[in-house]
Structures are given as structure tokens and as C-alpha cells.
Amino acid sequence: MGGQSVVSRGNERYFDYFINVLLILLAVISVFPLLYVFAVSITPYSEVLRNGGFVLIPRRITFEAYKALFGMDAIPRAFLVTSFVTVMNTLINLVLTVLMAYTLSRKHLVGRSFFIFLIVFTMMFGGGLIPTYLVVKGTGLLNTVWAMIIPGAMSTWNVLVVKTFFESLPEELFESGRIDGAGEFTVLLRLALPLSIPVLMTIGLFCVVGSWNTFFSAVYYITDPGLNPLQVIIRGLLLSSEQMEYNADIVLPTTTLQMASVVAASLPVILVYPFVQKHLTKGMLIGAVKG
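And the structure:
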């Protein structure tokens, strides 16, 4: 028995070593593209050419690509547009999701099953691009910043996740609030929401990432160049830079400008993620949709 126990512990140790090595390799694979993009963005274009386009640790550092990028009039304006869309879309999405999810989580709601069916039905069938465009146009949202916010103001999946979380909370908690004279809205604000921080942070992160990467809604509904979000501007920059020819010894190179634009578009989300990371896994687990 003692020998089997030693062998078992030895096998577990080797298995742990294997898992650790595998995780390290996956981490390197994940970090490598980010390091490459950032390294190229701060490397002189002449050095990029000498290295065949591959640079991981630059010998010289220059921020000329970032100066050229933010020296364009469209980039700061696009940052403001994207920031406004991200903040407003996240706030509206959270408010509507919480109100809808809490209402559907109340088992005494008249017609609850029918309303849930209507919500789930939208996950299986969509109206299509042309009807959606006609609705946006008919409501006067076309070519306004709200066209990138209102059509996606609420996610069915997020509603189901938050609804399941509310249902997992003890009903006695809500009953005690009602006994003390609190209404449903007060129960939601004072009792349910303080316990919902993990799941709200989770869906909030999804909203932030999706809103920051707004692209197709701008392409469909926006024709005013002054209202284009960051992703549309950077896409146009990448396409136009491919057709430009630059002197390798002079700043404003093609490749480094492209990489600088990728870093500029990704950095805000990367900076936000560490602050909500601890809530992400917990929120997904406690708000998981039950069968």
C-alpha cells in the first residue's frame, strides 16, 4: 500500500509538471502576438525591413508611428465617438438587462412563460439586415451616433444569465424586504443589486468589448465621416496605408503605422480587463443558464 501511494504521488507530480509546462506554452503563444505587434509599432521601419518584417526586441525605439497616428484629425474624434458609444451602450444595456431579468425572475409574474418565450424566440430568429435598417431609418436614428447604440441596447443572452442569477438568490431575502415595507424596485436596488456585482461586471465587460469594437453598425448606418468610430477609421487607415509607399529611412512607415493603430485600438480594453478579471469567472459560474 505504501509503495502504491508513493507511485501515485509520483504520477501526480509528473502530471502537474506536464500541466504547468502546457499552461506556460499556452501563455507564451497568447502573449507572443501582442508582444510582436507592440515591438513593431515602436521599431524604426528601416530596422523592420532589415529583419524581414519580424521584430520581437527592437534595438532602437521610436514613437513616430504613434505621433503620426494621433496627429491625424480623425483619430482623436474617433476615440471620442467610440468612448461615447461604449459608455452609453454599456450603461443602457446594464439598466435594461437588470430590469428585464429581475422582472422575469419573479415566479409570480403573470404571463412569465410567454414573455420568456418571446425573449428566447429572438435568439433563434432575426429580422435580417434590411428590416433592421428600415427600422433604424424609420425611427430617425440613421446617421446619428445613437444608431450604434439603440439597436443593440439589450442582449437576450445577458438577460437570461442575469435572470438565472436572480433566481438563485434566496427568496427569503426578498420576502424580508417586502415585510419591512419595501417595494419591488427598492428590493431590487437595496437587496438584489449589491449581490449582483460579479455577474454585472461580467456582462458589463462583454458590453464594453463589443461596443469598443463597433464596426458593422457604423458601416450600415453612418455616412457622416465625423461620426465614424475608431474601428472604422483604423480599417480605412490600414487599407489606405497598404497603397502608400514610404522611404524606409523616414518616419511614417506602413507596417509600424498599422501596428501602432492596432495597439491604440486594443490598449483601452486591455487596461480595463485586469480590474474586472476577478469577477469574470465568478460571474459566469453563478450566472450560468440552468438546464
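When we follow the numbering used here, the leftmost residue of the sequence shown carries the number 884, and every step to the right adds one.
Backbone N, C-alpha and C define an ideal beta-carbon position, used for all residues, glycine too.
Are L1120 and A1148 touching if we call contact CB-CB under 7 Å? Looking up residue 1120 in the sequence shown gives position 237. Looking up residue 1148 in the sequence shown gives position 265. Not in contact: L1120 and A1148 (Cβ atoms no closer than 7 Å).
Measure the alpha-carbon distance for V978 versus P1157 and round it to whole angstroms. In the sequence shown, the residue the question calls residue 978 occupies position 95. In the sequence shown, the residue the question calls residue 1157 occupies position 274. One C-alpha to the other measures close to 23 Å.
Spatial neighbours of T1175 in its chain, beta-carbon cut-off 8 Å, leaving aside the 5 residues before and after: There is simply no residue 1175 to check, as the chain begins at 884 and stops at 1174 in what is shown.
My guess is that N1026 and Y1104 are in contact by the Cβ rule of under 8 Å, so how many angstroms apart are they, rounded? Counting from one through the sequence shown, the residue named residue 1026 turns up at place 143. Counting from one through the sequence shown, the residue named residue 1104 turns up at place 221. Contact between N1026 and Y1104 is confirmed by a C-beta separation of about 7 Å, below the 8 Å threshold.
Buried or exposed for P927, please, with buried defined as at least 16 other CB atoms from any protein chain shown within 10 angstroms of its CB. Here residue 927 corresponds to residue number 44 of the sequence shown, with the count starting at 1. The C-beta of P927 has 16 or more other C-beta atoms within 10 Å across all chains shown, which makes the residue buried.
Going straight from the alpha carbon of E1055 to that of L1074, what length do you get? In the sequence shown, the residue the question calls residue 1055 occupies position 172. In the sequence shown, the residue the question calls residue 1074 occupies position 191. Each residue's Cα considered, the two are about 11 Å apart.
CB-CB length for M1031 against V968, believed under 8 Å: For this step, residue 1031 is matched to residue 148 along the sequence shown. For this step, residue 968 is matched to residue 85 along the sequence shown. The beta-carbon distance between M1031 and V968, rounded to whole angstroms, is 5 Å. This is short enough to meet the 8 Å contact definition.
Closest residue to M1142 among A951, L1078 and N1096 (Cα-Cα distance): By 1-based counting over the sequence shown, the position of residue 1142 is 259. Ranking the options by Cα distance to M1142, first place goes to A951.
Close Cβ partners of L918 (< 7 Å) along its chain, the five nearest in sequence each way excluded: Working through the sequence shown from its first residue, we reach residue 918 at position 35. Taking C-beta separations shorter than 7 Å and ignoring five residues to either side along the sequence, the partners of L918 in its chain run L939, following chain order.
In this structure, how does DSSP classify D899 when only helix, strand and coil are distinguished? In the sequence shown, counting from the first residue as 1, residue 899 sits at position 16. DSSP places D899 in helix when its eight states are reduced to three.
Hey, S924 and V1146: beta-carbon distance below 7 Å or not? Reading the sequence shown from its first residue, position 41 is the one you call residue 924. Reading the sequence shown from its first residue, position 263 is the one you call residue 1146. Yes, Cβ-Cβ distance for S924 and V1146 is below 7 Å.
Tell me which same chain residues have a C-beta within less than 7 Å of the C-beta of T1106, skipping the five on either side of it? Residue 1106 sits at position 223 when you count from the first residue of the sequence shown. Correct list, in chain order: N1026.
Whole-Å CB distance - S1100 paired with P1034, under 8 Å assumed: Taking the first residue of the sequence shown as 1, we reach residue 1100 at position 217. Taking the first residue of the sequence shown as 1, we reach residue 1034 at position 151. For S1100 against P1034, the beta-carbon gap comes to about 7 Å, under 8 Å, which counts as contact.
Three-state secondary structure (DSSP) at G1174? Counting from one through the sequence shown, the residue named residue 1174 turns up at place 291. At G1174, the pLDDT of 42 sits below 50, so the modelled position is not reliable; the number obtained from the coordinates is stated separately. For G1174, the secondary structure class from DSSP, reduced to helix, strand or coil, is coil.
Please state whether the Cβ-Cβ distance between A948 and F1049 is less than 7 Å. Taking the sequence shown and counting its residues from 1, one reaches residue 948 at position 65. Taking the sequence shown and counting its residues from 1, one reaches residue 1049 at position 166. When the beta-carbon positions are compared, A948 and F1049 stay at least 7 Å from each other.
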